[in-house]
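*Asks:* I'd like to ask you about the structure that follows.
Number of protein chains: 2
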Amino acid sequence: MANGENAWLDWVRRQQRSARPAGLRLGIGDDAAILRPRGGWEIAVTTDLMAEGRHFRRGVDRPEDCGYRLAMRGLSDLAAMGAEPWMLFFSALWPQNEPPAWRRAFHRGLDQAAKEAGAALAGGDVSSGIQACFDILALGQIPRGQALQRDGARPGDRIFVSGQLGQAAWGRQMLDQGHIPQNPRERQALRRCRRPRARWELGQTLRGLASAAMDLSDGLSSDLDRLCAASGVHARIHETHLPVTGPMLQRKTFLDLALNGGEDYELLFTIPRRRLTDMPNGQDLSIPIIEIGEILPARRAGKPQRLWLETKNGQSQPLEPRGWDALRSHILL
Amino acid sequence: MANGENAWLDWVRRQQRSARPAGLRLGIGDDAAILRPRGGWEIAVTTDLMAEGRHFRRGVDRPEDCGYRLAMRGLSDLAAMGAEPWMLFFSALWPQNEPPAWRRAFHRGLDQAAKEAGAALAGGDVSSGIQACFDILALGQIPRGQALQRDGARPGDRIFVSGQLGQAAWGRQMLDQGHIPQNPRERQALRRCRRPRARWELGQTLRGLASAAMDLSDGLSSDLDRLCAASGVHARIHETHLPVTGPMLQRKTFLDLALNGGEDYELLFTIPRRRLTDMPNGQDLSIPIIEIGEILPARRAGKPQRLWLETKNGQSQPLEPRGWDALRSHILL
Numbered sequence: 001m002a003n004g005e006n007a008w009l010d011w012v013r014r015q016q017r018s019a020r021p022a023g024l025r026l027g028i029g030d031d032a033a034i035l036r037p038r039g040g041w042e043i044a045v046t047t048d049l050m051a052e053g054r055h056f057r058r059g060v061d062r063p064e065d066c067g068y069r070l071a072m073r074g075l076s077d078l079a080a081m082g083a084e085p086w087m088l089f090f091s092a093l094w095p096q097n098e099p100p101a102w103r104r105a106f107h108r109g110l111d112q113a114a115k116e117a118g119a120a121l122a123g124g125d126v127s128s129g130i131q132a133c134f135d136i137l138a139l140g141q142i143p144r145g146q147a148l149q150r151d152g153a154r155p156g157d158r159i160f161v162s163g164q165l166g167q168a169a170w171g172r173q174m175l176d177q178g179h180i181p182q183n184p185r186e187r188q189a190l191r192r193c194r195r196p197r198a199r200w201e202l203g204q205t206l207r208g209l210a211s212a213a214m215d216l217s218d219g220l221s222s223d224l225d226r227l228c229a230a231s232g233v234h235a236r237i238h239e240t241h242l243p244v245t246g247p248m249l250q251r252k253t254f255l256d257l258a259l260n261g262g263e264d265y266e267l268l269f270t271i272p273r274r275r276l277t278d279m280p281n282g283q284d285l286s287i288p289i290i291e292i293g294e295i296l297p298a299r300r301a302g303k304p305q306r307l308w309l310e311t312k313n314g315q316s317q318p319l320e321p322r323g324w325d326a327l328r329s330h331i332l333l
Numbered sequence: 334m335a336n337g338e339n340a341w342l343d344w345v346r347r348q349q350r351s352a353r354p355a356g357l358r359l360g361i362g363d364d365a366a367i368l369r370p371r372g373g374w375e376i377a378v379t380t381d382l383m384a385e386g387r388h389f390r391r392g393v394d395r396p397e398d399c400g401y402r403l404a405m406r407g408l409s410d411l412a413a414m415g416a417e418p419w420m421l422f423f424s425a426l427w428p429q430n431e432p433p434a435w436r437r438a439f440h441r442g443l444d445q446a447a448k449e450a451g452a453a454l455a456g457g458d459v460s461s462g463i464q465a466c467f468d469i470l471a472l473g474q475i476p477r478g479q480a481l482q483r484d485g486a487r488p489g490d491r492i493f494v495s496g497q498l499g500q501a502a503w504g505r506q507m508l509d510q511g512h513i514p515q516n517p518r519e520r521q522a523l524r525r526c527r528r529p530r531a532r533w534e535l536g537q538t539l540r541g542l543a544s545a546a547m548d549l550s551d552g553l554s555s556d557l558d559r560l561c562a563a564s565g566v567h568a569r570i571h572e573t574h575l576p577v578t579g580p581m582l583q584r585k586t587f588l589d590l591a592l593n594g595g596e597d598y599e600l601l602f603t604i605p606r607r608r609l610t611d612m613p614n615g616q617d618l619s620i621p622i623i624e625i626g627e628i629l630p631a632r633r634a635g636k637p638q639r640l641w642l643e644t645k646n647g648q649s650q651p652l653e654p655r656g657w658d659a660l661r662s663h664i665l666l
């Protein structure tokens with residue numbers, strides 16, 4: 001019985017030491033959780049999968065990092081909508097040959113992320129299998145009609161990103177190669193891979209200000225392409241503006257990571273020119289916020305190229321979406 | 334590109350032919366869906382996993398049946414709370430070596446179930462892997478304070494179940510053995526396994542009437558045990574009252590399926606004696622509703638036995654929870 005479902009759910013419930021959060025009428029233990037939304041507000045709902053071999057490797061990734069990162073994936077989607085984190089639901093197909101300690105470590109990471117965001121774990125489901133697979137459901141609350149969408153970018157709007165790009169992908173390379181970080185920049189990138197911090201404060205600040213927003217989960221080239229497709233616009237970004245870290249000798253590699261590396265969980269957003277003076281101060285939020293380009297009108301004649309990269313010698317070259325594709329990208333295993 | 338994530342999401346969106354359902358402000362295609370709950374109502378939220386090798390087998394189960402059954406799992410949890418089906422979110426780790434036709438068939442089954450329940454598919458996530466794994470998130474709406482919980486059963490309350498028990502487990506045996514159904518009863522059991530129909534109409538009828546309710550997903554012995562544990566009571570059920578189908582010669586087998594077989598997705602509920610006359614008419618709902626036993630006070634002295642089965646010759650014997658355990662039960666693969 002000690003390793004059965006009831007014992008495990010008892011353990012999960014005992015971890016919930018904090019007071020019952022606002023709006024949670026009934027939590028873990030019944031057929032469904034019962035939530036009471038704030039009157040007149042809307043709810044943002046998002047789900048994110050994390051599968052062994054695709055998004056992490058056992059033996060390479062620590063279970064507590066996987067749990068933390070999974071929660072942050074959901075919280076990052078809420079941030080992109082400008083929503084306040086509210087509730088998390090967590091479904092786990094646990095790896096059947098790992099001891100309960102592995103599950104507990106995973107849960108600790110997830111709980112820590114939830115706590116940092118002020119969200120409560122309100123339910124989920126559990127089973128076990130050969131290939132571990134997890135699904136996080138994140139619910140946020142947002143004042144009626146104020147959600148940030150992808151489809152509002154207009155020609156002339158400026159394009160911004162938070163934080164630094166390509167950090168998580170660089171960290172992933174180090175993890176995969178078993179490379180021990182040698183300096184503060186490498187340590188920071190590894191940490192950004194293991195423990196990304198979603199930008200929910202920034203997202204809420206952008207309500208009523210950004211014309212479009214989304215989170216950077218698959219890589220700037222693919223995510224900006226989706227934002228432009230949703231908004232019916234084109235875009236140009238400037239190589240020299242991109243917040244890229246790394247030894248200058250390897251700049252080409254780091255540029256590739258910044259454009260096409262996923263899992264940064266930073267925000268990508270557009271601000272109308274007349275609102276630029278209302279921009280939040282990145283220093284107040286302790287996050288760098290960098291202008292990287294501008295939205296262009298969609299050109300319909302000829303063979304329309306949606307994204308352009310202006311290189312450091314002033315040339316414009318087509319930028320193709322080459323980030324993560326959930327159904328085509330390589331398997332880590 | 335045709336098999337990539339964007340093309341797949343375009344296909345999924347094109348399936349959504351129905352009008353935008355009430356409360357869905359923003360559906361598939363942004364970082365999160367935006368929902369507007371009915372003023373003054375509460376929300377029921379549940380997630381259910383379905384993993385290859387655990388809950389279905391490729392080659393044995395048809396993908397459209399898997400999709401249908403997955404949606405019904407979530408809808409059954411909503412039924413158990415007395416909630417109106419509202420929105421579904423669907424996360425899929427698709428089997429990487431199956432053609433897109435497999436995914437489309439799975440989706441058709443899921444869409445059909447959603448349509449029957451009047452729920453909308455509002456979002457989800459997608460990836461692919463070696464072992465297919467799916468997670469359904471179901472949201473329902475329910476008038477404030479009227480959710481049916483597990484913890485309200487009191488001594489003297491009568492115990493009821495809807496439908497017939499053990500049908501899905503019997504159907505599963507036929508599927509596993511490659512047995513072709515030979516008569517209407519076998520055909521019905523196989524259909525109940527492939528296409529269970531959650532009882533959301535009955536659940537809503539039970540609001541303000543049932544003292545406790547839950548759905549039968551893991552088997553009566555385990556589910557009643559959980560209901561009694563949550564309510565702090567014991568229970569006795571009567572073998573001769575159990576709605577069991579099957580050749581009488583094999584009654585022992587069918588009794589075992591009825592007590593311990595999972596995936597029936599019927600409702601288990603308790604009604605206070607003074608409210609028995611207010612019981613819904615099963616004929617109106619086209620579902621048999623059968624009284625199977627009564628709630629007993631919890632005996633604390635000695636070695637308390639929570640569940641009792643009164644056999645057909647009038648003897649009381651201890652009933653152990655032997656249904657499905659998500660972390661211990663056997664793997665189908």
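Protein sequence lines, in the order shown, are assigned to chains A and B.
Position 21, counted from 1, in the first sequence is what the working numbering calls 21; the numbers after and before it change by one each time, with no gaps.
Position 32, counted from 1, in the second sequence is what the working numbering calls 365; the numbers after and before it change by one each time, with no gaps.
Beta carbons: idealized from backbone N, C-alpha and C, even for Gly.
Please read all numbers here as calculations on a predicted model, not as lab measurements.
1. Check the Cβ-Cβ distances between proline 243 (chain A) and every residue of chain B, and say whether any is below 9 Å.
2. Grab the span of the beta strand (DSSP E) containing glutamine 317 (chain A) for me, first residue to last.
3. Tell me which residues share the same chain as alanine 212 (chain A) and place their Cβ nearer than 8 Å to its Cβ, disregarding the 5 neighbours each side in the sequence.
4. To the nearest angstrom, how far is the alpha carbon of glutamate 643 (chain B) from that of alanine 568 (chain B)?
5. On the CB-based measure, 16 or more other CB atoms within 10 Å of its CB, does glycine 166 (chain A) come out buried or exposed?
6. For chain B, is any of its Cβ atoms less than 9 Å away from the one on alanine 168 (chain A)?
7. Any beta carbon from chain A within less than 9 Å of alanine 453 (chain B)'s own beta carbon?
8. Answer with yes or no whether the minimum CB distance from threonine 345 (chain B) to chain A is below 9 Å.
9. Take the Cβ of threonine 379 (chain B) as the centre, count every other Cβ of all protein chains shown within 10 Å, and call the residue buried at 16 or more, exposed below.
10. Would isoleucine 367 (chain B) pass as an interface residue toward chain A - the criterion being a Cβ-Cβ separation below 9 Å?
11. Which stretch, first to last residue, makes up the alpha helix (DSSP H) that contains arginine 505 (chain B)?
12. Do arginine 436 (chain B) and proline 396 (chain B) come within 9 Å of each other at the CB atom, strictly closer than that value?
13. Can you give me the Cβ contacts of leucine 582 (chain B) inside the same chain, cut-off strictly under 6 Å, excluding the 5 residues immediately before and after it?
14. Beta-carbon of asparagine 516 (chain B) versus every beta-carbon of chain A: anything under 9 Å?
15. Output needed in chain order: residues of the segment 64-79 of chain A with a Cβ under 7 Å from some Cβ in chain B.
16. Note down, in chain order, all residues in the segment 418-434 of chain B with a beta-carbon under 9 Å from any beta-carbon belonging to chain A.
17. Taking the continuous beta strand (DSSP E) assigned at leucine 75 (chain A), which residues delimit it?
18. For arginine 38 (chain A), which residues in the same chain have their Cβ closer than 6 Å to its Cβ, ignoring the five residues on either side in sequence?
19. From which residue to which residue does the beta strand (DSSP E) around glycine 293 (chain A) run?
20. What residues in the segment 477-501 of chain B bring their beta carbon closer than 9 Å to a beta carbon of chain A?
21. Give me the Cα-Cα distance between isoleucine 620 (chain B) and tryptophan 533 (chain B), rounded to the nearest whole angstrom.
22. Return the residue from the list A:Leu285, A:Met214, A:Gly145 and A:Arg144 that minimises the CA-CA distance to aspartate 264 (chain A).
23. For alanine 44 (chain A) and chain B, any beta-carbon pair shorter than 9 Å?
24. Could you tell me which residues DSSP puts in a beta bridge with phenylalanine 89 (chain A)?
25. In the DSSP assignment, what residue or residues form a beta bridge with valine 60 (chain A)?
26. When the Cα atoms are used, what is the spatial distance from lysine 636 (chain B) to proline 630 (chain B)?
27. Under DSSP, the beta strand (DSSP E) around valine 12 (chain A) begins and ends at which residues?
28. Name the chain A residues that come within less than 8 Å of cysteine 561 (chain B), Cβ to Cβ?
29. Let me know the beta strand (DSSP E) ranges lying completely inside the segment 552-599 of chain B, each 3 residues or longer, listed in chain order.
30. Out of curiosity, what's the CA-to-CA distance linking aspartate 30 (chain A) and arginine 69 (chain A)?
31. Which one or two residues does DSSP pair with methionine 279 (chain B) in a beta bridge?
32. Name, in chain order, the residues that DSSP records as bridge partners for methionine 383 (chain B).
33. Would you say glutamine 464 (chain B) faces chain A, with C-beta separation under 9 Å as the test?
34. Could you confirm whether any beta carbon from chain A is found closer than 9 Å to the beta carbon of aspartate 373 (chain B)?
35. Between alanine 404 (chain B) and isoleucine 492 (chain B), how many whole angstroms is the CB-CB distance? I'm expecting something under 8 Å.
36. What's the C-alpha gap between proline 196 (chain A) and glycine 219 (chain A)?
*Replies:* From the atom records:
1. no
2. 316-318
3. For alanine 212 (chain A), where only same-chain residues beyond five positions count, the Cβ hits under 8 Å are Leu148, Gln149, Arg150, Asp151, Gly152, Ala153, Asp157, Leu227, Ala230, Ser231, Phe269 and Thr270.
4. 11 Å
5. buried
6. no
7. no
8. Strictly speaking, residue 345 (chain B) in this sequence is valine, with threonine absent from that position. For valine 345 (chain B), not one C-beta of chain A is nearer than 9 Å to its own C-beta.
9. The residue in question, threonine 379 (chain B), is buried, as its Cβ has 16 or more Cβ neighbours within 10 Å.
10. By this cut-off, isoleucine 367 (chain B) is an interface position.
11. 500-510
12. yes
13. The pLDDT assigned to leucine 582 (chain B) is 48, lower than 50, so where the model puts this residue is not dependable; a value taken from the coordinates is nonetheless given after this. Excluding positions up to five away in sequence, the list is empty.
14. no
15. Asp77 and Leu78
16. Flagged, chain order: Met420, Phe422, Phe423, Ser424, Ala425, Leu426, Trp427 and Gln429.
17. First-last for leucine 75 (chain A): 63-81, but that is the alpha helix (DSSP H), not the beta strand (DSSP E).
18. Cβ neighbours of arginine 38 (chain A) within its own chain (closer than 6 Å, five residues either side excluded): Gln141.
19. 289-296
20. Arg477, Gly478, Ala480, Leu481, Gln482, Arg483 and Asp484
21. 12 Å
22. A:Met214
23. yes
24. Residue pairing from DSSP places phenylalanine 89 (chain A) in a beta bridge opposite A:Gly123 and A:Leu137.
25. DSSP output for valine 60 (chain A) lists no bridge partner at all.
26. 14 Å
27. DSSP places valine 12 (chain A) in no beta strand (DSSP E) but in the uninterrupted alpha helix (DSSP H) bounded by 5-15.
28. Going along chain A, no residue has its Cβ under 8 Å from cysteine 561 (chain B), so there is no contact; the nearest lies around 13 Å.
29. 567-571
30. 27 Å
31. Examination of residue 279 (chain B) is not possible in this model, given that chain B is present from 334 through 666 alone.
32. Beta-bridge partners assigned by DSSP to methionine 383 (chain B): B:Phe467.
33. yes
34. Here residue 373 (chain B) turns out to be glycine, not aspartate, going by the sequence shown. Cβ-Cβ to chain A under 9 Å: yes for glycine 373 (chain B).
35. 28 Å between Cβ atoms; not a contact.
36. 14 Å
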